[in-house]
Amino acid sequence: DVKRIGSEIPWPVRSDWDDVQEEIMQEAVYHKFTSHPNIRRQLLRTGNSILVESSPSDYYWGSGADGSGKNRMGMILMDVRTRLQREERITA
1162 DVKRIGSEIP
1172 WPVRSDWDDV
1182 QEEIMQEAVY
1192 HKFTSHPNIR
1202 RQLLRTGNSI
1212 LVESSPSDYY
1222 WGSGADGSGK
1232 NRMGMILMDV
1242 RTRLQREERI
1252 TA
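So the sequence shown is numbered by our numbering: it starts at 1162 and just counts up by one.
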């Protein structure tokens, strides 16, 4: 959803976007998973599995067609999952 909305905005939104995009995406993804218990549970059920954004056309956020992409969305999802796991341990 965030990517689709972002693609509709004329660029550049801010001059430092390359420096802050991952931090902003991390917070957006975190809030998405804390706002929707059903997808939060699904993410937590992945345990400690490696998550890959399987996107053949996206070599930055995804794995790319040949798997050589940066998979930044997969990394963010794993970071958010770890954060949620810690929060659950604290409140348990």
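Glycine is no exception: its CB is placed at the ideal position from the N, C-alpha and C atoms.
N- and C-terminal bounds of the alpha helix (DSSP H) containing I1200: The residue labelled residue 1200 in the question sits at position 39 within the sequence shown. From DSSP, the alpha helix (DSSP H) with I1200 extends over P1198 to L1205.
Just the Cα atoms here: how many angstroms apart are V1213 and T1195? Here residue 1213 refers to the residue found at position 52 when the sequence shown is read from its first residue. Here residue 1195 refers to the residue found at position 34 when the sequence shown is read from its first residue. So the alpha carbons of these two residues sit roughly 21 Å apart.
Using CA coordinates, which residue listed in A1253, E1249, V1181 and G1208 is at the minimum distance from M1239? Start at 1 with the first residue of the sequence shown, and residue 1239 comes out as number 78. Taking only the C-alpha atoms, the option nearest M1239 is G1208.
Of the residues Y1221, S1215 and L1205, the one placed nearest M1186, counting alpha carbons only: If you number the sequence shown from 1, residue 1186 lands on position 25. The option with the nearest alpha carbon to M1186 is Y1221.
Measuring straight from C-alpha to C-alpha, what distance separates N1232 and S1168? Residue mapping note: residue 1232 aligns to position 71 of the sequence shown, counting from 1. Residue mapping note: residue 1168 aligns to position 7 of the sequence shown, counting from 1. Going by the C-alpha atoms only, they are around 19 Å apart.
At which residues does the alpha helix (DSSP H) containing L1238 begin and terminate? Residue 1238 sits at position 77 when you count from the first residue of the sequence shown. Element bounds for L1238: R1233 to T1252.
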